[in-house]
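Each remark here refers to the structure printed beneath this line.
There are 2 protein chains.
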Amino acid sequence: MLNVQLFAITGIPVVKRNDDVGELIVAAVEKQRLKIEDGDVLAVAQTVISRAEGEVVDLRTIRPSHRAVEIAKKIDKDPRMVEVILQQSSEIVRLGHVIITRTKHGFVCANAGVDSSNVEDEHVTLLPSDPDASAARIRETIKKRLGVDIAVIITDTQGRPFRCGCVGLAIGVAGMKPLADMRGRRDLYGKELKVTVTCPADSLAAAAVMIMGESDEGTPAVLIKGAKYEKDKGSIREVIRAPELDLFR
Amino acid sequence: MLNVQLFAITGIPVVKRNDDVGELIVAAVEKQRLKIEDGDVLAVAQTVISRAEGEVVDLRTIRPSHRAVEIAKKIDKDPRMVEVILQQSSEIVRLGHVIITRTKHGFVCANAGVDSSNVEDEHVTLLPSDPDASAARIRETIKKRLGVDIAVIITDTQGRPFRCGCVGLAIGVAGMKPLADMRGRRDLYGKELKVTVTCPADSLAAAAVMIMGESDEGTPAVLIKGAKYEKDKGSIREVIRAPELDLFR
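If you read the protein sequences in the order shown, they are chains A and B.
Count along the first sequence from 1, then add 5; that gives the number in this note's numbering.
Count along the second sequence from 1, then add 5; that gives the number in this note's numbering.
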């Protein structure tokens with residue numbers, strides 16, 4: 006019976022700068038008696054990666070530019086926060102009641118992923134600078150310590166243009182192709198499928214993030230068993246829609 | 006241990022007009038020895054709903070309007086298909102290499118959800134006209150035949166503006182609130198969460214659709230156990246972003 010299971014990983018302490026997230030996860034699953042096996046997918050929330058990697062900014066050190074001050078007035082936001090958002094972005098995509106930008110990585114999202122949750126007061130986390138590399142490091146630690154070959158997804162929680170509510174998605178991957186090419190597959194009538202490319206990385210991230218948020222104290226990591234994916238040196242860059250195919254710039 | 010499981014439901018025959026999808030699912034899970042229990046979530050692909058409800062159009066009966074012919078030239082599509090898409094839409098949102106419209110229901114998606122997969126040649130399926138009601142009927146059948154209280158999600162597979170690859174999402178719900186309000190919940194530092202609203206319906210749909218596509222012959226239904234959701238008379242309309250808050254119209 007085709008069956009996928011998602012397990013919230015418990016007992017991960019509050020992650021601090023220079024912590025080894027892979028090691029913390031190995032320790033947590035051991036205590037939890039949860040076995041990580043070949044083919045599993047490990048989803049890890051970007052906030053813990055950012056905190057471990059020191060991608061944290063003290064807003065008290067930020068002098069907002071004139072542009073940041075103007076924008077901040079418009080959207081009723083802390084101008085220092087807006088300044089950080091602008092620094093993390095290559096362009097503003099939309100400015101309304103929220104600010105949607107294209108981040109340095111190429112992601113289009115609100116606030117460039119800059120987040121004031123789960124970090125000390127007057128501080129914000131940035132998205133990890135190279136989430137694929139962060140995923141790869143965790144994957145290597147798991148391989149080294151537990152001898153198993155898995156995929157790792159770094160997740161973020163984001164809003165969508167046309168639908169309310171935030172949903173998880175992948176901002177970094179290691180050990181899996183984030184997209185699945187269904188070309189050549191046929192439907193019930195033998196016709197070639199119209200939906201030729203799907204995004205398993207985002208599908209798994211959405212489910213994992215939902216579970217991360219469900220437990221009372223929250224958990225930043227979820228283990229997924231039974232998911233099918235293409236084991237490969239994938240990169241999240243494959244998921245970013247090329248600007249010329251982007252109808253909403 | 007917080008644990009969510011997804012099961013592909015096997016043995017559902019090719020759905021025909023006037024089939025009772027709820028009954029087909031009851032028969033399938035019985036043969037599969039899969040127990041549907043209180044609190045489960047059942048995800049059902051919209052194509053089988055559409056076929057059962059007769060939301061199928063024979064393209065040979067369609068006379069494309071002048072507008073449809075013009076658009077079809079631009080995007081290299083069958084003008085009869087474009088005519089159907091226009092009929093199913095209240096407005097065109099973007100016209101590029103694909104046509105993005107707002108459907109009669111209010112969903113913004115490519116091709117108004119009109120699909121030529123999994124249906125006879127020269128035919129297309131439309132989105133169900135009232136997916137919440139379709140979900141409610143299946144939910145009632147499950148309640149009546151198995152005596153259990155579940156949530157039902159009708160899923161569709163759609164692309165995203167800024168990311169490649171299609172992902173599942175909910176176009177109808179019954180027995181659950183599609184959004185979860187996290188207001189009042191606090192983060193690790195006691196600060197109120199910034200991400201105040203999430204969309205469990207779409208998160209579950211994304212995972213379910215991934216599993217629907219994974220098995221060789223495909224399956225249009227997935228049973229989800231262990232997911233937390235708010236049992237309520239929810240409607241998918243709650244997920245549709247109000248036009249005045251939509252920055253990408």
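Heads up, the beta-carbon is just placed ideally off N, CA and C, and yes, glycines get one too.
- Here arginine 246 (chain B) carries a coil assignment [DSSP, helix/strand/coil].
- In the three-state scheme derived from DSSP, where H, G and I count as helix and E and B as strand, alanine 232 (chain A) is classed as coil.
- When the Cα atoms are used, glutamine 92 (chain A) and aspartate 161 (chain B) turn out to be separated by approximately 37 Å.
- Looking at the backbone, the Cα of valine 124 (chain B) and that of leucine 131 (chain A) are separated by about 47 Å.
- A check of alpha carbon separations from serine 122 (chain B) across A:Tyr194, A:Pro205 and A:Ile159 identifies A:Tyr194 as the nearest.
- Boundaries of the beta strand (DSSP E) around threonine 106 (chain A): 104-108.
- As the crow flies, the alpha-carbon of arginine 68 (chain B) is around 55 Å from that of serine 139 (chain A).
- For threonine 106 (chain A), no CB of chain B lies under 9 Å from its own CB, so it is not counted at the interface with that chain.
- Non-local beta-carbon contacts of arginine 150 (chain A) in its own chain, meaning distances under 8 Å to residues more than five positions away in sequence, involve Gly27, Glu28 and Val31 in chain order.
- Between the stretch 60-80 of chain A and the stretch 141-159 of chain A, the count of C-beta pairs closer than 8 Å stays below three; the two stretches do not touch.
- The alpha carbon of alanine 13 (chain B) has as its nearest neighbour, out of B:Asp43, B:Ala48 and B:Lys21, the alpha carbon of B:Ala48.
- For glutamate 243 (chain B), the closest C-alpha among the options B:Ile54, B:Gly111 and B:Ala57 is that of B:Gly111.
- Taking 9 Å as the cut-off, the beta carbon of alanine 33 (chain A) is found closer than this to the beta carbon of glycine 16 (chain A).
- Scanning its chain for C-beta atoms nearer than 6 Å, with the 5 sequence neighbours on each side dropped, one finds around arginine 144 (chain B) the residues Val157, Ala179 and Gly180, in chain order.
- The criterion of a C-beta distance shorter than 9 Å is satisfied by isoleucine 90 (chain A) and alanine 117 (chain A).
- Here the C-alpha atom of glutamate 197 (chain B) lies approximately 24 Å from the C-alpha atom of proline 166 (chain A).
- Secondary-structure assignment with DSSP links glycine 177 (chain B) through a beta bridge to B:Ile159.
- Rounded to the nearest angstrom, the Cβ distance from alanine 175 (chain A) to isoleucine 245 (chain A) is 11 Å, too far for a contact under 8 Å.
- One alpha carbon belongs to glycine 231 (chain B), the other to leucine 39 (chain A), and they sit about 17 Å apart.
- Within chain A, no C-beta atom comes nearer than 7 Å to that of asparagine 23 (chain B); the closest sits roughly 18 Å away.
- Straight across, the Cα-Cα distance linking glutamate 88 (chain A) with arginine 99 (chain A) is about 16 Å.
- In chain order, Thr201 and Val202 place their CB closer than 7 Å to the CB of aspartate 186 (chain B), counting only its own chain and leaving out the 5 sequence neighbours on each side.
- Remark: C-beta atoms of aspartate 207 (chain B) and glycine 239 (chain A) do not approach each other more closely than 9 Å.
- Here glutamate 96 (chain B) has Thr106 and Arg107 as same chain residues with Cβ atoms under 8 Å from its own Cβ, once five neighbours each way along the sequence are excluded.
- Just so you know, the alpha carbons of proline 133 (chain A) and alanine 210 (chain B) end up roughly 28 Å apart.
- Given a length threshold of 3 residues, each whole run of the beta strand (DSSP E) inside the stretch 16-79 of chain A is given here in chain order: 46-50 and 61-63.
- The beta carbon of valine 129 (chain B) is closer than 8 Å to those of Val61, Val62, Leu64, Met86, Val89, Val119, Asp120 and Ser121 in its chain, skipping five residues each way along the sequence.
- In the DSSP assignment, isoleucine 143 (chain B) falls within the unbroken alpha helix (DSSP H) covering 136-151.
- For glutamine 10 (chain A), the three-state secondary structure derived from DSSP is strand.
- Within the DSSP secondary-structure output, glutamate 197 (chain A) pairs in a beta bridge with A:Arg191.
- The secondary-structure analysis by DSSP pairs glutamate 96 (chain B) across a beta bridge with B:Arg107.
- In the DSSP annotation of this structure, valine 129 (chain B) is not part of any alpha helix (DSSP H); the continuous beta strand (DSSP E) holding it starts and ends at 128-130.
- The DSSP-derived three-state label of valine 124 (chain B) is coil.
- Taking 9 Å as the upper bound on Cβ-Cβ separation, chain B lies near no residue of the stretch 55-86 of chain A.
- Rounded to the nearest whole angstrom, the CA to CA distance from serine 70 (chain A) to glutamate 35 (chain A) is 48 Å.
- Non-local beta-carbon contacts of glycine 164 (chain A) in its own chain, meaning distances under 6 Å to residues more than five positions away in sequence, involve Ala115 and Cys171 in chain order.
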